[in-house]
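A quick write-up on the structure given underneath.
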Amino acid sequence: MAGDVKSDNQPYDDINVTPMLDLAYVLLVVFIILTTASVQGVKVNSPTTQAANNLAKPQTRAITITADGGVYLDAYPVDMAQLQSTLAQYKSANPALPVVLKADAAAQYDKVMQVLEVAKKLDITEIGLVTKRAGS
-5 MAGDVKSDNQ
5 PYDDINVTPM
15 LDLAYVLLVV
25 FIILTTASVQ
35 GVKVNSPTTQ
45 AANNLAKPQT
55 RAITITADGG
65 VYLDAYPVDM
75 AQLQSTLAQY
85 KSANPALPVV
95 LKADAAAQYD
105 KVMQVLEVAK
115 KLDITEIGLV
125 TKRAGS
């Protein structure tokens, strides 16, 4: 029995992994927050203008047209039918729905006109076109 009892001076043989796991969980949460915060939509090359004001308002919906003709509503890919139905839902919730149209400079003009036609059918009158300032 006396051989089983350790004195106070002997080293502790077990490894405590709790602080290491706490650090790993904190790093995981920070990584998740930083990666989700950096996602802001689809990157396009906007045309430039001399005077461009910031038209972003709360509850503004963004429609993006890429150079290859892809249409996105708030960073989610949609086709014209989905765009019309989703915008109709937003319009019913907010009658003065503001919409921002951001198209790549190399986008087909026909796609831009199709999106504007959908907005006209839904009687969306607050439409802003996104451009870059000439010098930025």
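Take the sequence shown: its letter number 127 is residue 121 in my numbering, and every next letter is one higher. By construction, the Cβ of each residue, glycine as well, lies at the ideal position given by its N, Cα and C atoms. Source: prediction; values computed, not measured.
T27 burial status per 10 Å Cβ neighbour count (16 or more: buried): Per the sequence shown, residue 27 should be read as Ile rather than Thr. When all chains shown are included, I27 counts as exposed.
Among I57, T43, D73, which residue has its Cα nearest to the Cα of A128? Nearest C-alpha to A128: T43.
Going along the chain, which unbroken runs of the alpha helix (DSSP H) with 4 or more residues stay wholly within the segment 18 to 94? Listed in chain order, the complete alpha helix (DSSP H) runs (minimum 4 residues) inside the segment 18 to 94 are 74 to 87.
Neighbourhood of L67 by C-beta, 7 Å cutoff - its chain only, sequence neighbours within 5 removed: R55, I57, L77, T80, listed in sequence order.
The beta strand (DSSP E) spanning L123 covers which residue range? From DSSP, the beta strand (DSSP E) with L123 extends over 120 to 123.
Name the two residues that bound the continuous alpha helix (DSSP H) containing V109. Counting along the chain, the unbroken alpha helix (DSSP H) around V109 starts and ends at 103 to 115.
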